[in-house]
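Presented below is the structure to which this report refers.
In the numbering used here, the protein residues as written are 56 to 613.
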């Protein structure tokens, strides 16, 4: 596994200048959450302290995307040591989970929505346990001080945002489940609308318990029992037990870092989508995409073809490395990346690519994983220059639609393949197993210069499209020299197989027609959720933030 120390082993082109001192910055998906993070920084808190406060507020004001009942990946930069660490708070399958738990009596995969709404869709939540681990190592304030804003908003009420209001009455089936209906329906029988004030006293009570006891408040005792009870109800009950919850352990490892141009990009290892993002960058490093700006056809064409190769390899080989051999070193080997890039016809897109055969690759079945969206991303830099890039989720919109103690439960286990084996019996890398973490597309990224100094950080929600969203933003700032705000606002392009999902109206004139002439026929829509990119770049003038205009986020300094 490579770490940020890789930078010292590479050639060292001229690096970007270090930024002057600052008070830090926060970019996240809701202004109330951003303000909670800024309040922590104003009190002298660290980037990780702020992440705890932001997550607590997001779980209240943006419950469709993340929360106490979900999971997360975090990439952390330590300004003193220049070390980049990866924190894994991905949910785990209960010990009783089986490879065929999403298979019907006929031997075929269950209808996806049926599995999504079931009790067996919920994994053991890991976001809070992961944050607790990171905060114990990098926090400056007391854990108990980090929940005040979220508790106040839950008790006194918060103003429902347009995005949440749209989700309440939107097509997601979870919004029509009994728990969600009860929560989002006013006493007069109407649904909460944008501008209404929504209170959640149960959430406030949970936060008070969490502030006093730490993650034990969720993973042991009455709340844990409530989680078990709610997941074992219904026609397709789960197998979660109190032992599953009590036994959850977050992980911290070195980040996986690889050079890109004059930078080094770091992400968490598998089962996150980070290494797949690095593969996409590694393929593009063998092209001249930097010659073309966002108004040029060829730049978008090269990005689309790199994405197709990135996705087909990710879908075949990635799973939980504690359970399957993930050939990450082979997939990120420079010679392999060069060979994959050589498959890109510079003039015309060919048929859908097939998976490569990197060193260490075993025989894996074609993947049958579906990843709907319901995720959020935050980036934080504190006054000392420490940084957090964190993607956090309950998986689908409002998770399973089931609530306990004021928060929604995740449906993360539907991130496993619903078809665990091929007809010949070959297992899928992302098949369900007890204690296993499902594969994820989340890929929170930190950018370093070649001296190991922080240069930027970025990430996005978006289900499987996360990889494409992040790749676009990184190309925008690192190759096309755009500001972070300009980069996150660029049109999105998700190229997977023979499908090119995008935002045709947002491209510069002539780009869509030019792509079509090359065999890339873009269509509107993503088949999942849109991007919610947030990023920060370090510039000679200070920190420069960007918030995706497609959502409600902001980037602000204390």
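For each residue, glycine too, the CB sits at the ideal point set by N, CA and C. Keep in mind the model is a prediction, meaning the values are calculated, not measured.
Local conformation of residue i per DSSP, three classes
i, result
"residue 369", "helix"
"residue 333", "helix"
"residue 342", "coil"
"residue 597", "strand"
"residue 457", "coil"
"residue 196", "coil"
"residue 98", "coil"
"residue 308", "strand"
"residue 527", "helix"
"residue 393", "helix"
"residue 606", "coil"
"residue 179", "strand"
"residue 302", "coil"
"residue 363", "helix"
"residue 518", "helix"
"residue 207", "helix"
"residue 449", "coil"
"residue 218", "helix"
"residue 74", "Residue placement at residue 74 is flagged as unreliable, the pLDDT there being 47, under the threshold of 50; a coordinate-derived value is accordingly withheld."
"residue 41", "What the structure shows of the chain is the stretch from 56 to 613, and residue 41 is not part of that stretch, so it cannot be assessed."
"residue 426", "Low confidence applies to residue 426: its pLDDT is 49, below 50, so where it sits in the model is not reliable, and the reading given next is rough at best. In the structure shown, residue 426 sits in coil (DSSP, three-state: anything other than H, G, I, E or B)."
"residue 354", "helix"
Nearest-angstrom Cβ-Cβ length linking residue i and residue j, presumed shorter than 8 angstroms
i, j, result
"residue 447", "residue 182", "5 angstroms"
"residue 544", "residue 499", "Contact flag wrong, Cβ pair sits at about 20 angstroms."
"residue 278", "residue 261", "6 angstroms"
"residue 508", "residue 193", "That pair is no contact at about 18 angstroms."
"residue 516", "residue 584", "7 angstroms"
"residue 222", "residue 611", "About 24 angstroms; that fails the 8 angstroms criterion."
"residue 337", "residue 387", "6 angstroms"
"residue 489", "residue 151", "6 angstroms"
"residue 265", "residue 274", "11 angstroms between Cβ atoms; not a contact."
"residue 220", "residue 248", "5 angstroms"
"residue 396", "residue 342", "6 angstroms"
"residue 410", "residue 371", "4 angstroms"
"residue 513", "residue 344", "That pair is no contact at about 17 angstroms."
"residue 174", "residue 296", "Between residue 296 and residue 174 the Cβ distance is about 12 angstroms, and since that is not below 8 angstroms, they are no contact."
"residue 96", "residue 112", "With a Cβ gap of about 14 angstroms, residue 96 and residue 112 do not count as contacting."
Rounded C-alpha distance that separates residue i from residue j
i, j, result
"residue 496", "residue 243", "41 angstroms"
"residue 451", "residue 233", "17 angstroms"
"residue 319", "residue 502", "6 angstroms"
"residue 441", "residue 132", "6 angstroms"
"residue 107", "residue 218", "22 angstroms"
"residue 253", "residue 300", "30 angstroms"
"residue 63", "residue 229", "Low confidence applies to residue 63: its pLDDT is 31, below 50, so where it sits in the model is not reliable, and the reading given next is rough at best. Straight-line Cα distance between these residues: approximately 49 angstroms."
"residue 383", "residue 374", "11 angstroms"
"residue 420", "residue 269", "Reliability fails at residue 420, whose pLDDT of 49 lies under 50, so the model's placement of it is uncertain and no value is given."
"residue 615", "residue 205", "No answer is possible for residue 615: it lies beyond the span of the chain, which begins at 56 and ends at 613."
"residue 510", "residue 408", "34 angstroms"
"residue 267", "residue 184", "14 angstroms"
"residue 154", "residue 293", "13 angstroms"
"residue 288", "residue 415", "42 angstroms"
"residue 581", "residue 590", "21 angstroms"
"residue 471", "residue 381", "15 angstroms"
"residue 426", "residue 541", "Low local confidence applies: a pLDDT of 49 at residue 426 is under 50, so the model's placement there is unreliable, with the coordinate-based value given in what follows. If you take the alpha carbons of residue 426 and residue 541, they lie about 27 angstroms apart."
"residue 534", "residue 120", "30 angstroms"
"residue 423", "residue 475", "Only weak support exists for where residue 423 lies, its pLDDT of 48 falling under 50; the value from the coordinates is given anyway. Their backbone Cα atoms lie some 8 angstroms apart in a straight line."
"residue 191", "residue 145", "18 angstroms"
"residue 311", "residue 391", "17 angstroms"
"residue 280", "residue 461", "14 angstroms"
"residue 167", "residue 177", "14 angstroms"
"residue 608", "residue 91", "13 angstroms"
"residue 376", "residue 493", "10 angstroms"
"residue 148", "residue 303", "10 angstroms"
Strand pairing of residue i, partner residues [DSSP]
i, result
"residue 444", "130 and 434"
"residue 504", "318"
"residue 463", "458"
"residue 476", "482"
"residue 82", "434 and 610"
"residue 386", "Paired residues: none, contrary to the question."
"residue 511", "502 and 592"
"residue 213", "253"
"residue 313", "320"
heavy atom of the ligand FMN below 7 angstroms from residue i C-beta
i, result
"residue 521", "Judged by which ligands are present, the structure shown has none, so any question about the ligand FMN falls away."
TODO: Please specify which runs of the beta strand (DSSP E), each continuous and at least 3 residues long, are wholly inside the segment 227-278, giving them in chain order.
DONE: none
- [ ] Could you tell me which uninterrupted alpha helix (DSSP H) segments, each at least 4 residues in length, are contained entirely in the segment 545-595, listed from first to last along the chain?
- [x] 566-572
TODO: Could you pull out every unbroken beta strand (DSSP E) segment of at least 3 residues lying fully inside the segment 115-169, listed in chain order?
DONE: 126-132 and 139-144
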